[in-house]
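Report on one structure; see the data block that follows.
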Amino acid sequence: MLKTIERLMFRMVLTVMGMAACAAPGYGSIVISAGTPTVNTGQTFDLNVSISGVSDLFSWQFDLGFDHTLLTANSITEGPFLKSGGGSTNYGAGTINNTTGKITNTFDTLTGGPGTGVNGAGVLAIVNFTAGASTGISTISLSNIFLTDSNFNTLPNTPQNGSVTIQSGVPEPTTLALFSAALLLGLLHKIRS
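The opening position of the sequence shown corresponds to residue 1115 in my numbering, with each subsequent residue numbered one higher.
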């Protein structure tokens, strides 16, 4: 009888511990990341700054660094994620400094809606860049990151820096062009024979 009670108590403790683990917020699993596109020299393109694994995100802020010898930042616009819960937002694009390769104090916060933050994954902001004339790789670094929930608690997160690979703007020959050239060479060879 005593062994049965001990087993029952052990099972109850395990059950309570399992329920507590399930109810705990997923802090530490939040990732904020920059993309890793490959572009051509002179190309204008968008780079997404995204978040994943978040619960109750109410506001965010970050700074973004890039290699100013390879890239020029044109603008940074609000992504759709924070508004995805149906609320309105107060977005600040921050300050772009192409001399130092920094975008500072970009932020967004919910100002109206259901009173709670949003969950899941999505795009926080979209940075529009123009690649320079040189090839190379620019690191896209995220720093000064602050995320808060609807109770203004800080949400721990893991930044994941990105990169932009800039390749020569000379277009690759297409399959059709290669096929046409081979066909033409074949015809020339047949005519000479």
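Every residue, glycine too, gets a C-beta built ideally from N, C-alpha and C.
Computed from a predicted structure; not experimentally measured.
Going by the DSSP bridge assignment, what does residue i pair with across the sheet?
i, result
"N1162", "I1240"
"Q1175", "F1221 and F1260"
With the cut-off set at 9 Å, would you say residue i and residue j are in Cβ contact?
i, j, result
"T1279", "V1153", "yes"
"V1241", "I1165", "no"
"Q1157", "T1244", "yes"
"G1208", "F1195", "no"
"G1199", "N1233", "yes"
Give the range of the beta strand (DSSP E) segment to which residue i is assigned.
i, result
"L1204", "The sequence given here has Asn at residue 1204, not Leu. From DSSP, the beta strand (DSSP E) with N1204 extends over S1202 to G1206."
"K1216", "K1216 to G1226"
"T1186", "L1185 to E1192"
"T1079", "An answer regarding residue 1079 cannot be provided, because it is not within the stretch 1115 to 1307 covered by the chain."
"N1154", "T1152 to N1154"
Is residue i close to the ligand ADP? I mean its beta-carbon at under 8 Å from any heavy atom of the ligand.
i, result
"L1196", "Among the components modelled here there is no ligand, and therefore nothing to report on the ligand ADP."
Does DSSP put residue i in a helix, in a strand, or in coil?
i, result
"S1277", "strand"
"S1255", "strand"
"I1305", "helix"
"G1229", "coil"
"S1314", "Outside the modelled stretch of the chain, which goes from 1115 to 1307, sits residue 1314, for which no answer is possible."
"S1198", "helix"
Original post:
Does the segment 1180-1190 come close enough to the segment 1256-1276 to have 3 or more Cβ pairs within less than 8 Å?
Top reply: In short, these stretches do not touch, since the Cβ pair count stays below three.
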